[in-house]
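A quick write-up on the structure given underneath.
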Amino acid sequence: MEASSHNVSIGVEEEAISDSWVMEMDKMIGDSDRSSEMKQWSKRYIYRVPAWIKNLHPDRHPKKCNAYSPQLMSLGPFHHGVSDLVSMEVHKHRAVAHLVRRSGKQLSEFTAAVRSVADQLWDAYEDIGAEWEGERFVKLMVTDGCFLLELLMMGEAEGNMPEDYPPMDPVFSKHGYLNLWDTLWCDMIVMENQLPLLLLHTLTAKEINHLVCDALFSTEEDTQLDQDQGLHILDIYHKVYLCCNADNVPRQGSDRHEDMPSAVELYQAGIHFKGLENLNLAGIHFERGVLYMPVIKFYDNIECEFLNVMAFERLHPNAGNHVMDFVYFMDNLIDTAADVRLLCSNRVIVNLLGSDEELATLINKILSKQVGLSDNTPIHDVHRQVSDHCKKPWNKWRATFIHTYFSNPWVFISLIAAVILLVATIMQTVYTIIPFYRK
């Protein structure tokens, strides 16, 4: 009897849950206003990196850091309180004190300003826990925002901080800059460790884009950035340092898709490589047997940077696919260490990773996992033009002749000597035969 009543109660509960779900779904189905849904998604631009992206490269070296997690500091709510990052909290509080003191304002003015845009800041994040609602979120934004502004100031000044910081400061000093900056910079690029630039603009009432560029990038490309405020530091890195004006280059030619041979194969077909000084991924093009591409340095942090930029492209609909297109291009270009050596010798890439094999592995086995070309990228045209060049036998014959006889001066001299000897032999034969016929 008890079991029967228990089963009845479970059935009633399940029916109630089912009815509740049906009502909720009916409400969603009946809501024909797509603008509210679109508005909700358009506000979001700081994401948690899902497992399917993290699992794209399970064969990464176990000693390498997790590219999607900060190593020294947390910014924002996603990694706040992680035990390995807690030691930086005391330095965050010091940064707030120094910034507020130099400003001549009261801390309450900063909190009031952030509170006025708290809803916009909240909407920028994906899936913040309810424990962050209210003043705790405002406090976090003020603290981390002031800390990031002080870090940007340190980066812009290369460690030469204002006099209110003592020379022996463990973080905000020349010593801190030399020893911590590379790790801090990598943490500032992590997708889950972003702060909205709206927050920094609210705290300083200044234009933020150029401050970020001056602090983080040794490039003049920031002058080409439009006046629209960036979303966060990773977005600025994506727009300015890698993809400036990428959308301004339309795809031309046919829709035919062809993969491109490797660098060594291109060289054997007579194609030369020329590096472009501006790191603009839209600058890749092929013209008169020369493949033009931006000179790019591969250094220790490049894996962290590229993986997080690619995660941003995968998660943010308006980010485009410029970096993933470039990685696909490089994956075609580099198959082995020999391709890396060739591109390095042509000064198209600079390898600071330690070995050519390591760079080839980075491109082939880590960055290029599940990466394809977007439909509208002009790299399709480059692939097609290069493939058409390689299919012409004359180009390969000419390249083989040049590489065989003109790459080494001694071989060239031997060729000239052989030609002279051949001509001399022919002339001698002719002069020997002519008197015979005259007789």
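If you're matching positions, the sequence shown starts at 790 in our numbering and goes up one per residue.
Quick reminder that beta carbons are idealized off the backbone N, C-alpha and C, glycines included.
Keep in mind that this is a model prediction, so the values were computed, not measured.
For the pair Arg1136 and Ile842, the CB atoms are not nearer than the 8 Å cut-off. Boundaries of the beta strand (DSSP E) around Asn1140: 1138-1140. Judged by their CB atoms, Ala1108 and His1178 are not nearer to each other than the 8 Å cut-off. By the Cβ criterion, the stretch 1121-1128 is in contact with the stretch 1052-1060, since at least three pairs of Cβ atoms, one from each stretch, lie closer than 8 Å. Assignment of beta strand (DSSP E) within the stretch 1034-1118, counting only whole runs of 3 or more residues, yields 1061-1065, 1074-1076, 1079-1083, 1085-1087 in chain order.
Distance from the CA atom of Tyr836 to the CA atom of Ala907, rounded to whole angstroms, is 18 Å.
A direct Cα-Cα distance of roughly 10 Å separates Leu988 from Ile997.
Ile835 is bridged by DSSP to Tyr914. For Pro866, the CB contacts under 8 Å within the same chain, skipping 5 residues up- and downstream, are Tyr914, Ile917, Gly918, Trp921, Phe926, Leu929 in chain order.
Gln895 counts as exposed, since fewer than 16 other beta carbons sit within 10 angstroms of its beta carbon. Apart from sequence neighbours up to five positions away, the residues of its chain that approach Asp1048 with a beta-carbon distance below 7 Å are Asn1121, His1172, ordered along the chain. Excluding five sequence positions before and after Leu1156, the CB atoms of its chain that fall closer than 6 Å to its own CB belong to Phe1095, Val1116, given in chain order. DSSP places Phe936 inside the alpha helix (DSSP H), whose first and last residues are 924-945.
Here Gln860 carries a coil assignment [DSSP, helix/strand/coil].
Shortest Cα-Cα distance from Tyr1081 to any of Ala1071, Val931, Phe1087 involves Ala1071. Proximity to Ile1138 across Ser858, Lys1063, Pro955, Asn1110 peaks at Lys1063, based on C-alpha coordinates. Three or more Cβ pairs closer than 8 Å define a contact, and the stretch 946-954 meets that threshold against the stretch 881-900. The C-beta distance from Asn982 to Leu864 rounds to 5 Å, short enough to fall under 8 Å. Take the alpha-carbon of Gly1143 and the one of Met942: they are about 32 Å apart. Residue nearest to His868 within the set Val979, Glu947, Lys963, Trp974 is Val979 (criterion: CA-CA distance). Counting only residues of its own chain and dropping the five nearest sequence neighbours on each side, Arg833 has a CB closer than 7 Å to the CB of Asp912, Ala913, Glu915.
Around the CB of Val1098, 16 or more other CB atoms lie within 10 Å, so the residue is classed as buried. Between His887 and Glu939, the CB-CB gap stays under 8 Å.
Contact between Tyr1056 and Leu1131 holds: CB atoms are separated by about 6 Å, below the 8 Å threshold. For Gly965, the enclosing alpha helix (DSSP H) stretches over residues 963-978. Rounded to whole angstroms, Val1084 and Val1029 show a C-alpha spacing of 15 Å.
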